[in-house]
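A short write-up of the structure that comes next.
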Amino acid sequence: MSPVMSSGADGTDGLGVSEADATPLHTQPHMDDVTDDSQGSGPTSALEQRVQEYRQRARREMDDVLDSLMAEIARGRERERLGREREASLTAQLEECTCAKASLEAEVIQLRQGLVDTKAQAERDMAALVESVQAEAAKLCQIQNQWIEEQQHKTEACRDRTRALQRQSEAITAELEAKRPEIEARRLRFHERMAEMRRRREAQRQDGCCD
196 MSPVMSSGAD GTDGLGVSEA DATPLHTQPH MDDVTDDSQG SGPTSALEQR
246 VQEYRQRARR EMDDVLDSLM AEIARGRERE RLGREREASL TAQLEECTCA
296 KASLEAEVIQ LRQGLVDTKA QAERDMAALV ESVQAEAAKL CQIQNQWIEE
346 QQHKTEACRD RTRALQRQSE AITAELEAKR PEIEARRLRF HERMAEMRRR
396 REAQRQDGCC D
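By my numbering, the letter at position 55 of the sequence shown is numbered 250, and the numbering carries on one by one without gaps.
Here it is in structure tokens:
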């Protein structure tokens with residue numbers, strides 16, 4: 196980001212205000228709200244014009260800085276929103292996997308219950324039926340185990356992606372928090388700079404009155 200204004204060779208901002216005393220401009224009173232009884236009085240009027248030009252230029256530069264910060268914050272929030280949407284999508288997929296697993300387990304239970312009912316109804320076909328059902332149950336168990344293993348891999352992958360998205364979200368949040376001190380420092384410098392400008396302006400006004 197560009198600084199609020201360029202510094203002079205002596206470490207000041209060109210009007211004798213040091214960078215340490217600089218403060219953001221968005222808290223200063225607008226020029227339309229400031230009255231000056233000494234306007235039109237020669238050197239004082241010229242100085243007031245310089246001050247006004249300086250303040251307008253500084254205000255524009257600060258607005259550019261603030262716009263840049265707000266745009267960066269908006270981009271961070273958009274990335275965070277996309278992360279939340281992705282996490283919600285992965286959570287929905289995980290829920291679908293869980294429902295599919297429950298459905299398969301219910302199907303296995305139903306088949307086993309059917310086996311019991313068939314055994315009760317047809318004692319003569321017990322041996323053949325048990326052998327057939329056991330073979331089917333073994334096949335289903337194999338399919339179930341294979342499916343469960345696949346779902347476990349998918350679930351773990353979903354969790355890994357979710358954790359990665361969470362870390363990304365935390366990194367974005369930390370980045371935004373890290374910029375807070377910089378913004379606060381700019382605001383404090385702005386207040387200090389405006390206070391110095393008001394003191395100088397008042398001193399110049401008093402000097403003009405004494406003359």
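Beta carbons are placed, not taken as given, at the ideal position from N, Cα and C, and that holds for glycine.
Bear in mind the structure is a predicted one, so any value in this text is a computation, not a measurement.
**Q.** Cα-Cα separation between Gly271 and Gln363, rounded to whole angstroms
**A.** About 10 angstroms.
Q) Are Val246 and Met389 close, meaning C-beta to C-beta below 8 angstroms? A) Taking C-beta atoms as the reference points, Val246 and Met389 fail to come closer than 8 angstroms.
Q | Residue environment, Gly419, which counts as buried when at least 16 other CB atoms sit within 10 Å | A | No answer is possible for residue 419: it lies beyond the span of the chain, which begins at 196 and ends at 406.
Q. CA-CA distance, Ile338 and Val311?
A. If you draw a straight line from the Cα of Ile338 to the Cα of Val311, it comes to about 21 angstroms.
Q. Rounded C-beta distance between Thr357 and Leu285? I'm assuming under 8 angstroms.
A. About 5 angstroms; that satisfies the 8 angstroms criterion.
Q: Can you tell me the Cβ-Cβ gap for Glu282 and Leu360, rounded? I've got them flagged as a contact below 8 angstroms.
A: Right, the Cβ-Cβ distance comes to about 5 angstroms (below 8 angstroms), so this counts as a contact.
(Q) By alpha-carbon positions, which one of Phe385, Ala398, Arg400 ends up nearest to Ala250? (A) For the sequence presented, residue 250 should be read as Arg rather than Ala. When each option's Cα is compared against that of Arg250, the closest is Phe385.
**Q.** Spatial neighbours of Leu371 in its chain, beta-carbon cut-off 8 angstroms, leaving aside the 5 residues before and after
**A.** Cβ within range, chain order: Ile268, Gly271.
**Q.** Per-residue DSSP class, three states only, for Asp259
**A.** Helix, per DSSP.
**Q.** 6 angstroms Cβ shell around Val328 - same chain, five flanking residues per side excluded
**A.** Around Val328: Leu310.
(Q) Excluding the 5 residues flanking Thr313 on each side, which residues of the same chain have their C-beta closer than 6 angstroms to its C-beta? (A) Result list for Thr313: Leu324, in chain order.
Q) DSSP state of Asp320, grouped into three classes? A) Asp320 falls in the coil class under three-state DSSP.
(Q) For Ala215 and Ala253, I'd like the C-alpha separation in whole angstroms. (A) Per-residue confidence for Ala215 stands at a pLDDT of 40, beneath the threshold of 50, marking its modelled position as unreliable; no derived number is given.
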